[in-house]
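**Q**
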Amino acid sequence: MSRRLQALLITFILAFTGFFIVWYKVGVLGIPFLPHEKRSVYTVGAEISFVGQKKSVLVSMALPEPQEGMQILSEDVASSGFGYAEGETKEGKRAEWSRRNVVGPQKLYYSLEVLIEPGEYKPKHPITPSEQETETLSDLPNILQDTAKNLLHDVRSRSADTHSFVAQLIKDFSAKEPSQAVKILLAQAGETKIDLLYRLLRYRKISVRKIHGLFLESARRNIVLTPMLDVYDGKNWQLYDLKKGKVIRDKNFFVWQQGSASLIEVTGARKSNISFSVNERQVPVQNLLEKKELVKKAAILDFSLFTLPISAQNAYRHILLVPFGALVVVLLRILVGLRTSGTFMPVLIALAFMETTLSAGLIMFILIVGMGLVIRSYLSSLNLLLVARISAVMIVVILIMSFMSILSFKLGIKEVLTVTFFPMIILAWTIERMSILWEEEGAREVFIQGGGSLIVAVCAYFVMSDPFVSHIAVNFPELLLVVLAVIIMIGRYSGYRLSELIRFRSMVE
Amino acid sequence: MFANPFKLKKLGILGMNKRNIHYIGAHNDRKYYPLVDNKLKTKIIAQSAGIAVPKLIKTIERQSQLRYLKEILEGIDGFVLKPSQGSGGKGILVIVKREGEEFIKANGQRLELRDIQRDISNILSGLYSLGGKPDIAMLETLVEFDPIFDRYSYEGVPDIRVITYRGYPAMAMLRCSTRESDGKANLHQGAVGVGLDIATGKALFAVQHGSPVTHHPDTGYDFSELEIPHWERILTLAASCYEVTHLGYLGVDIVLDKNLGPLILELNARPGLAIQIANRTGAVKRYDVIDRQQANLDVAQRVKFSMEHFGRKTGEG
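Chains as they are written, first to last, in my numbering: chain A, 161 to 669; chain B, 83 to 399.
(1) Does DSSP put B:T318 in a helix, a strand or coil?
(2) How is B:L332 classed by DSSP in three states: helix, strand or coil?
(3) Compare the C-alpha of B:E156 against each of B:G173, B:G182, B:V135 and name the closest.
(4) Quick one: what does DSSP say A:S595 is sitting in, helix, strand or coil?
(5) Is the shortest distance between the beta-carbon of B:M255 and the beta-carbons of chain A less than 8 Å?
(6) Could you tell me whether the Cβ atoms of B:Q358 and B:I95 are closer together than 8 Å?
(7) When the cut-off is 8 Å and only beta carbons count, does B:L175 lie next to chain A?
(8) For the beta strand (DSSP E) that contains A:E256, what are its first and last residues?
(9) Would you mind giving the Cβ-Cβ distance between A:L389 and A:K370, rounded to the nearest angstrom? I have them listed as a contact below 8 Å.
(10) Closest by CA to B:Q290, which one among B:D264, B:T260, B:A254?
(11) What number of angstroms, rounded off, separates the C-alpha of A:E605 from the C-alpha of A:L465?
(12) Look up A:L627 in the DSSP assignment and say whether it is helix, strand or coil.
(13) Assign B:I336 to buried or exposed, taking buried as 16 or more other Cβ atoms, counted over all protein chains shown, within 10 Å of its Cβ.
(14) Do we get a CB-CB distance below 8 Å when we pair B:L269 with the residues of chain A?
(15) Rounded to whole angstroms, how far is the Cβ of B:E194 from the Cβ of B:K137, which I believe are closer than 8 Å?
(16) Which partner residues of A:N433 appear in the DSSP bridge assignment?
(17) So, at 8 Å on beta carbons, what are the nonlocal neighbours of B:Y105 in its own chain, with the 5 sequence-adjacent residues on each side left out?
(18) Per DSSP, which one or two residues make a beta bridge with A:L545?
(19) Taking A:N330 as part of the alpha helix (DSSP H), name the residues at either end of that continuous run.
(20) Please list the terminal residues of the continuous beta strand (DSSP E) segment that includes B:K187.
(21) Anything in chain B within Cβ reach of A:I494, meaning under 7 Å, just list it in chain order.
(22) As a quick exercise: from B:V162, B:H270, B:G238, B:I142, pick the residue whose alpha carbon is nearest that of B:S207.
(23) Using a threshold of 8 Å, state whether the C-beta atoms of B:R384 and B:Y303 are closer than that.
(24) In this structure, does DSSP put A:V507 in helix, strand or coil?
(25) Can you pull the chain A neighbours of B:H104, defined as C-beta to C-beta under 9 Å?
(26) In chain A, what lies closer than 8 Å to B:F84 by C-beta?
(27) Pull up the distance between the alpha-carbon of A:L402 and that of A:I232, whole angstroms please.
(28) Please confirm if B:Q376 has its CB atom under 8 Å from at least one CB of chain A.
(29) Does the beta carbon of B:L87 sit closer than 8 Å to a beta carbon anywhere in chain A?
(30) Counting only beta-carbon atoms, is A:G612 nearer than 8 Å to chain B?
(31) Under a CB-based cut-off of 8 Å, is A:N543 close to chain B?
(32) Quick one: Cα of B:F161 to Cα of B:K187, how far?
(33) Assuming A:S613 contacts A:S501 (C-beta within less than 8 Å), just tell me the rounded distance between them.
(34) My understanding is that A:L495 touches A:L658, with C-beta atoms under 8 Å, so please give their C-beta distance in whole angstroms.
(35) Which ranges would you report for the beta strand (DSSP E) in the region 129 to 158 of chain B if only whole runs of at least 3 residues count?
(36) Can you tell me where the alpha helix (DSSP H) with B:K386 in it begins and where it stops?
Written out as structure tokens, the structure is:
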């Protein structure tokens, strides 16, 4: 395989891998591609109230299970004086509060934070055997059994398939003026509407389950859970609101409880009541990432930078930008043909500019290098050895820098103070290189290469300090593979540089 | 402002990227670089292959030898001091004569012994070498330049650069120093490049800073009258470097000594592109012709081929 083909192949594989991981993180895991994107986090609170009667109280409440399309970020319990435990039962997880000798009105709070995940909602709960057990209606009085069977027969004749059957049945039960049969059933069966519907459907051998949940919306208080029926037609589960009939599975619908167990059981107290509240707040996704709330769920993120200690993360924030600076250098050198002193000196200078600000950095750079050149030219007349001379230049650079900082502080210019962090080795080397260049090639070359370095450094600075670039560098480090691919591709570019179109201009004329 | 890149391509102009990938990258194996990057090694291997080079007087390898510099230079009137691993002519000191305790540079500047000691010290500590490696200073005999060039050079070292591709001399130019280039034959610094006809060694065009000139800016002589003597010997000398260096893409710098004739001064594995402007010809066209030639021809056959095919033809340029 020719080198050209190899380079193309590597480029393609790298770029594909990089873009694929980005696609996965954005499309599937929901990490925003743009910075400052916000996500709604809903706080769902349950408030249980009851009045104690000088007895031991045991409160048990059904807790929501993990569910598709929703992520429970955190849970919080507030219940002063009560013992709290979470228990696993056949019907699911439950919260249990307990306390001896409770007197007077009491309130217990349970809240959790929920994040709606992006992407299509695809429920895939399996059917548990209990849901498949058929109902016999045999415990109902005979007259009710007949009424129910007639009703079901009537509904069946008005329907075409499972879904339309369920829809028609619910419509019958929700009508403003229900039919005689429905009235009788509701009045005499001694069951709630949902239980009755649940029974009838199971009698028809339809897989169905009861669900209690709430819609995540902003600022709602004192709401009760909405009962729903989840019906399986052999292919899909479909939710039915008991008032409106068929509903499209709403992404906002948070299932609090599944199954037939009671939502809340309070023993040893009276006037027990439970109500829910929902509150929405906008959270920058960056915070979610940094708090590792999004991170823990995906293996791919488990290897991300966010799992590192904060100090290491901060170091990588800068390091990950260097490749983008390098890309600028590659573009400007290979495609444009700018000449710089040293290949990656411009990136280092740009990094230094990021610590100061651009204007302060540029002024300081030119001032310090300029003064350094003067001093260096004197040192060279002293006949020093190379290593000693570079060290001497470095010390002089430090002296100039500290003097400038002090002077500017006295003058009240604060920007210059940050210059103390300016990497002095870079400056000392730049001075050394520039002065050699001056001696050997003349001042013209110093201005060409020094100017080229500064132009490239400023371009690299703008790229590296761009909020979007730093966002994607930190959150999508796999894009470095794409940067690598682009650099390899440019590395095989054998066409003319922009500067050569000027240089060889006379050949065409 | 910009030339049309398609026109440049049609003319066969070699660009920097193409040079790096298709000529240097493909034909110059990096393991042979130390040979040309180190002038001392080049000189030794060239001498053993019978290629004419300026004579090496002495090498200075340690700072401690500087104490005896006076004794070393005893009786040597003119000499050249250069770092063995320098590039682009950096650190080269040319002393044309001595007057008492003083050394006179080519441009008339007077130096003392300690100035020379300092230059050697810089060379040894690696100031001029690639990557700052410690280096060796070479003391060479001064080339007595053929007076033919007196008219075309100002205070300096005129040399002939021949680009050889796969051992074939492909393009040549004379580099004339000017007042602006400070006596150096470096085109970047304002030296004049004169394209040379491969068939005859006659001047074709002259350029300074990429623009055509007809006369030397300092001496005023017309370049069109220029013809290089010993032309075939020069090409043969350049072509024979291929066998010695194994480098397919090579710039050979040659000087003409009054008594010894053409001498190889330096080899360059990364020769520049300005030679195309001086010749007003794209290099790729010639390289393509060479690429179609069979390998294993000897030096004389290659030189003959180049002289027959790359000479100035009517209408070219």
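From the three backbone atoms N, C-alpha and C, an ideal C-beta is built for every residue, glycine too.
**A** From the atom records:
(1) In the second sequence, the residue the question calls residue 318 of chain B occupies position 236. B:T318: helix per DSSP, three-state reduction.
(2) Here residue 332 of chain B refers to the residue found at position 250 when the second sequence is read from its first residue. Under the three-state reduction of DSSP, B:L332 is assigned to strand.
(3) Stepping through the second sequence from its first residue, residue 156 of chain B is reached at position 74. Looking at the Cα atoms, B:G182 is the closest of the given residues.
(4) Start at 1 with the first residue of the first sequence, and residue 595 of chain A comes out as number 435. Residue state, collapsed to three classes: helix.
(5) Walking along the second sequence from the start, residue 255 of chain B turns up at place 173. At least 8 Å separates the CB of B:M255 from every CB of chain A.
(6) Locating residue 358 of chain B in the second sequence gives position 276, counting from the first residue. Locating residue 95 of chain B in the second sequence gives position 13, counting from the first residue. The answer is yes: Cβ separation under 8 Å.
(7) Residue mapping note: residue 175 of chain B aligns to position 93 of the second sequence, counting from 1. Chain A places no beta carbon closer than 8 Å to that of B:L175, leaving this residue out of the contacts.
(8) In the first sequence, counting from the first residue as 1, residue 256 of chain A sits at position 96. Start and end: 252 to 276.
(9) Sequence index remark: in the first sequence, residue 389 of chain A carries index 229 (1-based). Sequence index remark: in the first sequence, residue 370 of chain A carries index 210 (1-based). The beta-carbon distance between A:L389 and A:K370, rounded to whole angstroms, is 7 Å. This is short enough to meet the 8 Å contact definition.
(10) Here residue 290 of chain B is taken as the residue at index 208 of the second sequence, counted from 1. Put simply, of B:D264, B:T260, B:A254 the residue whose alpha carbon is nearest the alpha carbon of B:Q290 is B:T260.
(11) In the first sequence, residue 605 of chain A corresponds to position 445, counting from 1. In the first sequence, residue 465 of chain A corresponds to position 305, counting from 1. The straight-line gap from Cα to Cα measures roughly 43 Å.
(12) As a first step, residue 627 of chain A is located in the first sequence; it is residue number 467 there, counting from the start. Sequence check: residue 627 of chain A is Pro here, not Leu. Three-state DSSP puts A:P627 in a helix.
(13) Taking the first residue of the second sequence as position 1, residue 336 of chain B is located at position 254. Taking all protein chains in view, the Cβ of B:I336 is crowded by 16 or more other Cβ atoms within 10 Å, so the residue is classified as buried.
(14) On the second sequence, position 187 is the one that residue 269 of chain B refers to. Output row for B:L269: interface = no.
(15) Counting from one through the second sequence, the residue named residue 194 of chain B turns up at place 112. Counting from one through the second sequence, the residue named residue 137 of chain B turns up at place 55. Their Cβ separation, rounded to whole angstroms, is 26 Å, which puts B:E194 and B:K137 out of contact at 8 Å.
(16) Along the first sequence, one-based indexing puts residue 433 of chain A at 273. For A:N433, which the question treats as bridged, DSSP gives the partners A:S209.
(17) Along the second sequence, read from residue 1 onward, the residue named residue 105 of chain B stands at position 23. L96, Y247, G330, Y331, Y369, listed in sequence order.
(18) Here residue 545 of chain A corresponds to residue number 385 of the first sequence, with the count starting at 1. DSSP output for A:L545 lists no bridge partner at all.
(19) Taking the first sequence and counting its residues from 1, one reaches residue 330 of chain A at position 170. Looking at the sequence itself, residue 330 of chain A is Ile, so the reference to Asn does not match. It spans 322 to 334 - the alpha helix (DSSP H) in which A:I330 sits, taken as one unbroken run.
(20) Numbered from its first residue, the second sequence carries residue 187 of chain B at position 105. For B:K187, the uninterrupted beta strand (DSSP E) run begins and ends at 184 to 187, by DSSP.
(21) Taking the first sequence and counting its residues from 1, one reaches residue 494 of chain A at position 334. N99, listed in chain order.
(22) What you label residue 207 of chain B is simply residue 125 of the second sequence in a count that begins at 1. When only C-alpha atoms are compared, the closest one is B:I142.
(23) Taking the first residue of the second sequence as position 1, residue 384 of chain B is located at position 302. Taking the first residue of the second sequence as position 1, residue 303 of chain B is located at position 221. Taking 8 Å as the Cβ cut-off, B:R384 and B:Y303 do not qualify as a contacting pair.
(24) For the purposes of this step, residue 507 of chain A is taken as residue 347 along the first sequence, with counting starting at 1. Here A:V507 sits in helix by DSSP.
(25) Your numbering for residue 104 of chain B matches position 22 in the second sequence. The answer, in chain order, is S654.
(26) Residue numbering aside, residue 84 of chain B sits at position 2 when the second sequence is read from its first letter. Under the 8 Å cutoff, chain A gives L658, L661, I662, R665.
(27) Here the question's residue 402 of chain A lines up with position 242 in the first sequence. Here the question's residue 232 of chain A lines up with position 72 in the first sequence. It is roughly 26 Å from the alpha-carbon of A:L402 to the alpha-carbon of A:I232.
(28) The residue you call residue 376 of chain B lines up with position 294 of the second sequence. Using a CB distance cut-off of 8 Å, B:Q376 does not count as an interface residue toward chain A.
(29) As a working mapping, residue 87 of chain B is identified with position 5 in the second sequence. Residue 87 of chain B is actually Pro in this sequence, not Leu. For B:P87, the answer is yes, since a Cβ of chain A falls inside 8 Å of its Cβ.
(30) On the first sequence, position 452 is the one that residue 612 of chain A refers to. Cβ-Cβ to chain B under 8 Å: no for A:G612.
(31) Counting from 1 along the first sequence, the entry for residue 543 of chain A is found at position 383. Chain B, which has a Cβ nearer than 8 Å to the Cβ of A:N543, makes this yes.
(32) In the second sequence, residue 161 of chain B corresponds to position 79, counting from 1. In the second sequence, residue 187 of chain B corresponds to position 105, counting from 1. Roughly 10 Å separates the two Cα atoms.
(33) Taking the first residue of the first sequence as position 1, residue 613 of chain A is located at position 453. Taking the first residue of the first sequence as position 1, residue 501 of chain A is located at position 341. Yes, they are in contact, since the Cβ atoms of A:S613 and A:S501 sit about 5 Å apart, within 8 Å.
(34) Taking the first residue of the first sequence as 1, we reach residue 495 of chain A at position 335. Taking the first residue of the first sequence as 1, we reach residue 658 of chain A at position 498. About 7 Å; that satisfies the 8 Å criterion.
(35) Segments of the beta strand (DSSP E) lying fully in the region 129 to 158 of chain B: 138 to 142.
(36) In the second sequence, counting from the first residue as 1, residue 386 of chain B sits at position 304. The continuous alpha helix (DSSP H) containing B:K386 extends over residues 381 to 391.
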